[in-house]
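In the UniProt record's numbering, the protein residues as written are 1 to 304.
Virtual Cβ for every residue (Gly too), placed ideally from N, Cα, C.
Small disclaimer: the values here were computed from a predicted structure and weren't measured.
Working notes for the structure below.
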């Protein structure tokens with residue numbers, strides 16, 4: 001009986017609105033912030049870059065590769081983020097809805113658990129898209145690090161061609177390379193949404209209103225993502241290098257390589273660009289998501 005109730009809540013119109021709004025919000029946000037994402041990826045995988053900060057990297061890429069280099073991989077990343085956010089919001093809000101159906105109060109611990117479950121589902125479903133995205137972003141990039149130059153990846157002609165060639169040359173399982181680090185990184189969105197929901201509920205209670213000003217959503221999204229990113233960033237560096245195809249599939253082996261390249265500091269390489277990109281993206285995503293859901297629910301005469 002409980003399973004039936006949850007399934008009904010999961011596939012409800014309301015939950016679908018949350019999922020689509022989350023996906024659109026994330027795709028829109030990354031389209032705005034993509035040059036920073038480009039800089040972050042280059043800093044994580046190319047140890048020989050002259051520039052050490054986002055703006056310098058973006059300028060160098062633009063000079064050497066043109067505007068195409070700055071926006072290389074945008075379409076695949078937007079698709080990856082839409083898919084990831086759709087699945088995440090779909091499951092996260094489905095679980096939250098099922099909780100309220102049983103008249104149980106929403107708690108911080110439940111937000112953390114639901115966020116972790118949703119994050120695990122996202123990893124298993126969308127990891128191939130992220131591997132493809134990393135390859136497309138780095139294809140044609142003039143990276144200086146010898147590790148990347150030694151790789152013999154074929155040329156890719158779009159998302160489908162990249163998918164086919166990875167399977168053909170490296171095997172189907174390569175599409176799930178980095179899955180272990182990704183599963184460990186479910187702590188990132190779990191921490192983010194736990195803090196975001198906590199701040200939102202607290203403010204709604206203090207102000208005695210269910211609908212907050214957009215500034216609150218933006219600031220709460222930025223703050224929660226900052227904390228989550230700082231805590232989990234070393235794993236994100238390891239994950240990016242796995243997806244780029246540097247070496248095997250375990251966290252330990254790639255971490256050892258990372259440490260041997262530049263020492264412990266290499267695990268926080270690109271943090272500045274990651275924070276500037278991911279914090280702004282998260283803030284825009286949640287602001288857009290909240291506004292879309294509010295608009296649609298108001299249009300349909302439903303409560304958010």
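Rounded to whole angstroms, residue 113 and residue 229 show a C-alpha spacing of 18 Å. Taking every protein chain shown into account, the CB of residue 168 has fewer than 16 other CB atoms within 10 angstroms, so this residue is exposed. Boundaries of the alpha helix (DSSP H) harbouring residue 196: 187-207, taken from the DSSP string.
Cβ contact annotation for residue 288 (same chain, cutoff 6 Å, sequence separation greater than five): 25, 28, in chain order. For residue 184, the enclosing alpha helix (DSSP H) has its first and last residue at 179-184.
Taking the Cα of residue 88 as reference, the smallest distance to any Cα among 123, 76, 60, 71 is reached at 123. Here the stretch 173-182 makes contact with the stretch 123-138; the two share three or more CB pairs at distances below 8 Å. Closest option to residue 160, judged by alpha-carbon separation, among 15, 296, 131: 131. With respect to the 8 Å criterion, residue 296 and residue 17 are classified as neighbours on the basis of their beta carbons. Looking from the CA of residue 276, the closest CA among 62, 30, 201 belongs to 30. According to the DSSP assignment, residue 111 belongs to the alpha helix (DSSP H) that extends over 108-138.
Approximately 6 Å separates the beta-carbon atoms of residue 108 and residue 194; this is inside 8 Å, confirming the contact. In this structure, the straight-line span from the alpha carbon of residue 226 to that of residue 99 is close to 28 Å. It is roughly 38 Å from the alpha-carbon of residue 37 to the alpha-carbon of residue 301.
A direct Cα-to-Cα measurement between residue 156 and residue 97 gives close to 42 Å.
Secondary structure note for residue 158: its alpha helix (DSSP H) is the uninterrupted segment 158-170.
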